[in-house]
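In structure tokens form, the structure reads like this:
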């Protein structure tokens, strides 16, 4: 079953605006990762935030993690048309017998209009 | 550095036929994953290998799906016989040795194989 649930399911903005996507999950995690998927292609890793971190930056990306609320957000600043893609959060669950296993959410489809 | 390679990129078969997908991970990556991604959904893990051993295959439909990773490098995923609901993109990913709680469990994905079952 899907652990992460992204919100919104779809987001449409103009170039230059900021885009915020949210992710909620159900169980304790080791880390949470965000991936991007362009149409018809594989996923590309964007950023990883560990369970003991609250905020992380990478270029125009800002990720926050609130483990008490079991939620994360991805902010893309000054968006570009090339940011148009589907964005997925994925959680690496704490405990269990397997490790490095990721559970993906349903994704947010981001469309950035030129 | 070469990425994860997959073949074929596209495959169309009829139900009850067999199909096989191939994956070559990034050199030196001990962990290999196969995912199924149905249109409009996120990827779902089918099986995870660490070197040539299976770490997790809890979501693999073992009555029709099988996978192997001989010599701990390349891997093949087979479906026999295929059903209509197997239509999806099959993604292969690899990572360095996956360890519990490790902060570097980033996965690198191949382009995927789009399977259509008619």
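Protein chains in written order, with this note's numbering: chain A, 1 to 114; chain B, 1001 to 1118.
Yeah, the Cβ is synthetic: ideal placement off N, Cα and C, and Gly gets one too.
Reference residue i, options the options, closest by Cα
i: residue 104 of chain A; options: A/81, A/95, A/59 and A/32; result: A/32
i: residue 1111 of chain B; options: B/1075, B/1118, B/1093 and B/1105; result: B/1093
i: residue 21 of chain A; options: A/59, A/27, A/29 and A/77; result: A/77
i: residue 1042 of chain B; options: A/46, A/45 and A/37; result: A/37
i: residue 117 of chain A; options: A/39, A/86 and A/101; result: Because chain A in this structure spans residues 1 to 114, residue 117 of chain A falls outside the shown range and cannot be described.
i: residue 1024 of chain B; options: B/1075, B/1109, B/1117 and B/1096; result: B/1075
Chain A contact for residue i (CB, 7 Å cutoff)
i: residue 1061 of chain B; result: no
i: residue 1036 of chain B; result: no
i: residue 1043 of chain B; result: yes
i: residue 1109 of chain B; result: yes
i: residue 1072 of chain B; result: no
i: residue 1068 of chain B; result: no
Any chain B beta carbon closer than 7 Å to residue i
i: residue 116 of chain A; result: Nothing in the structure corresponds to residue 116 of chain A, since chain A is present only between 1 and 114.
i: residue 106 of chain A; result: yes
i: residue 74 of chain A; result: no
i: residue 16 of chain A; result: no
i: residue 93 of chain A; result: no
i: residue 59 of chain A; result: no
i: residue 62 of chain A; result: no
i: residue 41 of chain A; result: yes
Distance between residue j and residue i (C-alpha atoms, nearest Å)
i: residue 2 of chain A; j: residue 8 of chain A; result: Because residue 2 of chain A carries a pLDDT of 48, less than 50, the predicted location of this residue cannot be relied on, and the following value inherits that uncertainty. The alpha-carbon atoms of residue 2 of chain A and residue 8 of chain A are separated by roughly 16 Å.
i: residue 24 of chain A; j: residue 51 of chain A; result: 14 Å
i: residue 48 of chain A; j: residue 63 of chain A; result: 9 Å
i: residue 1107 of chain B; j: residue 1048 of chain B; result: 12 Å
The stretch 18–37 of chain A contacting the stretch 80–100 of chain A, beta-carbon criterion three pairs below 8 Å: yes
Contact between the stretch 1059–1069 of chain B and the stretch 1003–1012 of chain B (3+ Cβ pairs under 8 Å): no
contact_flag[the stretch 1047–1058 of chain B, the stretch 62–82 of chain A] where n(CB pairs < 8 Å) is 3 or more: These segments do not touch.
Any 3 or more C-beta pairs closer than 8 Å across the stretch 1011–1028 of chain B and the stretch 1077–1087 of chain B: yes
Complete beta strand (DSSP E) runs within the stretch 1031–1093 of chain B (minimum length 3 residues, chain order): 1031–1037, 1044–1050, 1053–1056, 1065–1068 and 1075–1079
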